[in-house]
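Residue numbers (the numbering used here): 123 to 474.
Report on the following structure.
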């Protein structure tokens, strides 16, 4: 086992722990970052993807775990922030047997932390993978519903984003009605697909894009307009929804935005925190991703740790809208950014 030093990555200065281990079965490097356990055990998804380098994987897990602390604090759930990464080499393709070995190696790492980190699905993993983790550790959630878990969190995440968007529309446009609003969703994956359907039902004019061209057929089936992913963020819209990878909002992309409101489920949308000021300078309201995307974690923790019913957990997810209203009102009143106010709310809850 190796532990990364804070001298190797400045993000480590604000983390409680980073554990990096090479799997004894698979030889694949996996890692867990725990940013904070002030509010309770750290919780966060397990991401499996290819990275250009080990440093890139470490940087990703540190940024994601920090965001989970704020997500949990702002959402008011009694858990801290963590994240885990299974770092594949570029171009790696796992056989089913190799994937199972990797997951069992990762389960060993999670088990060694003694319950201080709880894993759920993230990019590259799903409920079936959580079932494999459970073979080596009890500290995994979102198992398939057939095995007593809550399954995919994509639906609740989309519900939370929709609630956040409705509240933000009220603050930005003076009406929570999304009918006839042009909404561009950049990323037509599991959450984007569900969100597009709910927005269409609400009367919005939905435009979608995805780097996976095969998703275009699904868009056609839903009678949705399609745009090339290279121009999705710069397409004229009332609302732009980053729903794929992080880091898409930087000085250059913000300069090309043709919208008034940006809100979506993609994690770590800003290339760095200074971009929040760039958005504000252009008169664009950006709702922090860790606020808008909290529906999945709120729902899952409510169901699996508090025993809430589905309906009760969904109603709790919808309270994200009230949080967005609070944050945007505070930012408007103080002349700050929504990111600043979300961070201030998280800080107040972290100190009790």
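Note that beta-carbon positions come from the ideal geometry of N, C-alpha and C, so glycine has one too.
**Report entry** Distance between residue 152 and residue 212 (C-alpha atoms, nearest Å)
**Finding:** Taking the straight line joining both Cα atoms gives about 15 angstroms.
Requested in this report: For residue 423, I'd like the list of residues in its chain whose CB is within less than 6 angstroms of its CB, leaving aside the five on either flank, ordered along the chain.
Outcome: Cβ-Cβ distances below 6 angstroms link residue 423 to 199 in the same chain, with the five nearest sequence neighbours on each side left out; the list follows chain order.
Query raised in the report: Thinking just about the alpha-carbon of each residue, which of 283, 294, 347 is nearest to the one in residue 316?
Result: Taking only the C-alpha atoms, the option nearest residue 316 is 283.
Query raised in the report: At a cut of 8 angstroms, does the segment 413–427 reach the segment 276–295 through at least three beta carbon pairs?
Result: Per the Cβ contact rule, the segment 413–427 is in contact with the segment 276–295 (3 or more Cβ pairs under 8 angstroms).
**Report entry** Span of the alpha helix (DSSP H) around residue 436
**Finding:** Its alpha helix (DSSP H) spans residues 432–440.
Query raised in the report: Should residue 473 be labelled buried (16 or more other beta-carbon atoms within 10 Å of its own) or exposed?
Result: By the 10 Å Cβ count, residue 473 comes out exposed.
Report task. Assign residue 411 to one of two classes, buried (16 or more other C-beta atoms within 10 Å of its C-beta) or exposed (fewer than that). Result -> Looking at its Cβ environment, which holds 16 or more other Cβ atoms inside 10 Å, residue 411 is buried.
Requested in this report: Report the three-state DSSP secondary structure of residue 206 (helix, strand or coil).
Outcome: Note: residue 206 maps to strand in three-state DSSP.
**Report entry** Distance, residue 390 Cα to residue 186 Cα
**Finding:** About 7 angstroms.
Query raised in the report: By DSSP, does residue 168 sit in helix, in strand, or in coil?
Result: In the three-state DSSP reduction, residue 168 falls in the strand class (E or B).
Query raised in the report: What are the residues that DSSP puts in a beta bridge with residue 200?
Result: The beta-bridge partner set that DSSP reports for residue 200 is empty.
Query raised in the report: Are the beta-carbon atoms of residue 359 and residue 326 separated by less than 8 angstroms?
Result: Pairing residue 359 with residue 326 gives a Cβ-Cβ distance that is not under 8 angstroms.
Query raised in the report: Based on Cα-Cα distance, which residue from 369, 396, 370, 355 lies nearest to residue 378?
Result: Nearest C-alpha to residue 378 among 369, 396, 370, 355: 355.
Requested in this report: Could you tell me which of 173, 177, 240, 197 sits nearest to residue 206, measuring between CA atoms?
Outcome: Nearest C-alpha to residue 206: 240.
Query raised in the report: Whose C-beta lies closer than 8 angstroms to the C-beta of residue 350 among residues of the same chain, with five residues either side of it excluded?
Result: Excluding five sequence positions before and after residue 350, the CB atoms of its chain that fall closer than 8 angstroms to its own CB belong to 331, given in chain order.
Query raised in the report: Going by Cα to Cα distance, which pick from 307, 431, 179, 299 is closest to residue 142?
Result: Out of 307, 431, 179, 299, 179 has the C-alpha closest to the C-alpha of residue 142.
Query - Spatial neighbours of residue 126 in its chain, beta-carbon cut-off 7 angstroms, leaving aside the 5 residues before and after - result: Note on residue 126: pLDDT 41, under 50, position unreliable in the model; the coordinate value appears next. Same-chain partners within the cutoff: 134, 140, 142, 180.
Query raised in the report: What does a CB cutoff of less than 7 angstroms around residue 441 pick up in its chain, not counting 5 residues either side in sequence?
Result: Excluding positions up to five away in sequence, the list is empty.
Report task. Compute the Euclidean distance between the alpha carbons of residue 371 and residue 425, then round it to the nearest angstrom. Result -> One alpha carbon belongs to residue 371, the other to residue 425, and they sit about 33 angstroms apart.
Report task. Go ahead and label residue 267 buried or exposed: buried means 16 or more other beta carbons lie within 10 angstroms of its beta carbon, across all protein chains shown. Result -> Exposed, since its Cβ has fewer than 16 Cβ neighbours within 10 Å.
Requested in this report: Sort 455, 456, 449 by Cα distance to residue 289 and report the nearest one.
Outcome: Nearest C-alpha to residue 289: 449.
Report task. May I ask you to report which of helix, strand or coil DSSP gives residue 307? Result -> Three-state DSSP puts residue 307 in a strand.
Query - Nonlocal neighbours in the same chain, by C-beta distance under 7 angstroms from residue 368, ignoring five residues either side - result: For residue 368, where only same-chain residues beyond five positions count, the Cβ hits under 7 angstroms are 388, 389, 390, 391.
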